[in-house]
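Residue numbers (this note's numbering): 4 to 430.
Shown next as structure tokens:
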């Protein structure tokens, strides 16, 4: 059993053209009847451009749908768009959006490394920051009053992955949790480091046999052969953790060349992105994703009728506008997080003041299944986790014939798992 031949396929090069809009210095609230301008801060160029563009595209679909349904008391929503390719740009552009564009809210940013400095700018300025994707626990652990984090945290994701090894993978592989040789592999930014640390902690708590705990710098790593060699030497059965998009492609290509032979791969990050599927096609069958569910991976029974209708309209519009190959969990989160802000929070706010928007967000109490990703909405008011959505959902999905289907937990499954253990990669 080996990766050999399974992932030896040429890399598909993704080309994304990103644009950033510049507005004037007029007030973003448009008076009492004009359009309402909100900041949209995403990495549209640089190393996170693919994911940032997908996230912004999801947010843009939400804006269009909301406006077509009447907007905010008849007022249209506009985006003052900004590009944040790195942390310095995230800081300067967040400052520009607040001081020059005078936006009451910034929606962003996709990356934890960008969200951390950008949210600090918003908090100091007394403005709302609405994070739709970034997962770092630190985003909502700094005692900030005006930052809201829609997505599941890295700790929740990593914890779920380790739990799934014990509760899902061990039975599927007809063995006991302690008999599996587990490796934790994660890139070392705020995103990957948080997931990796949580996965390791939970694995140790559950008594799993962790034989490798490896991290790497995504910006500097151009060769995974030594890492794969370590995993081979440790005879790893299950790999968990987090890899970015480009890292994922390179890792799997080199894993194929060096004969890495796990029984299961359960990671997050690049494995859920269309770039992974577009590069390796049917060779992705059996790979597991431990993270936020994809918009098409949950059964209708897990969602409210309204969430199903919104999901179907969003997916139709996104595919028509950008193509199905660009539809990802990042675009799902960009849409879903923005939709909650526009459709649930702003209509409940007495005004566009920070205090009123915060109060409206904190008043939400929506059960699981209320959004297209199965999330409920309940933002913590506890200072230790202020602004964290405590009803975000994590699942295990699996690539099966070009689609992500949910295989764990049981109440959200849409298909039975396949290829456990993973077959020989050339088959």
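Ideal Cβ positions, reconstructed from N, Cα and C, are used throughout, including at glycine.
Taking each of 280, 374, 275 in turn and checking the Cα distance to residue 409, the smallest one comes out for 275. According to DSSP, residue 293 shares a beta bridge with 399.
About 34 Å separates the CB atoms of residue 424 and residue 222; that is not less than 8 Å, and the two are not in contact. Taking the CA atoms as reference points, residue 241 sits about 11 Å from residue 291. Residue 75 has 78 as its beta-bridge partners, per DSSP. In this structure, residue 378 lies away from residue 151, with their beta-carbon atoms at least 8 Å apart. Scanning 403, 224, 246, 362 for the CA closest to the CA of residue 300 turns up 403.
Contact check for residue 160 against residue 289 fails: the beta carbons are separated by 8 Å or more.
In this structure, residue 332 sits away from residue 131, with a CB-CB distance that is not shorter than 8 Å. Residue pairing by DSSP places residue 134 opposite 111, 152 in a beta bridge. A straight line joining the alpha-carbon of residue 79 with that of residue 37 spans about 7 Å. For the pair residue 239 and residue 211, the CB atoms are not nearer than the 8 Å cut-off. A straight line joining the alpha-carbon of residue 312 with that of residue 67 spans about 16 Å. A direct Cα-Cα distance of roughly 10 Å separates residue 421 from residue 175.
The C-alpha of residue 116 lies about 7 Å from the C-alpha of residue 90.
About 6 Å separates the CB atoms of residue 334 and residue 321; that is less than 8 Å, so the two are in contact. The beta carbon of residue 287 lies closer than 7 Å to those of 279, 280, 402 in the same chain, with the five residues before and after it left out.
The secondary-structure analysis by DSSP pairs residue 217 across a beta bridge with 188. Contact between residue 87 and residue 45 holds, with the beta-carbon distance rounding to 7 Å and staying under 8 Å.
Ranked by Cα distance from residue 393, the options 369, 399, 375, 415 are led by 369. One alpha carbon belongs to residue 198, the other to residue 77, and they sit about 42 Å apart. Closest in C-alpha terms to residue 216, from the list 243, 229, 224, 194, comes 243. The secondary-structure analysis by DSSP pairs residue 242 across a beta bridge with 186, 268. In the structure shown, residue 382 adopts extended strand secondary structure according to DSSP, grouped into three states.
Rounded to whole angstroms, the gap between the alpha carbons of residue 81 and residue 65 is 11 Å. Between the alpha carbons of residue 55 and residue 207 lies a distance of about 34 Å.
If you draw a 10 Å sphere on the C-beta of residue 205, you find 16 or more other C-beta atoms in it, and that means buried. The beta carbon of residue 411 lies closer than 7 Å to those of 167, 171, 398, 399 in the same chain, with the five residues before and after it left out. Residue 35 is bridged by DSSP to nothing; it lacks a bridge partner.
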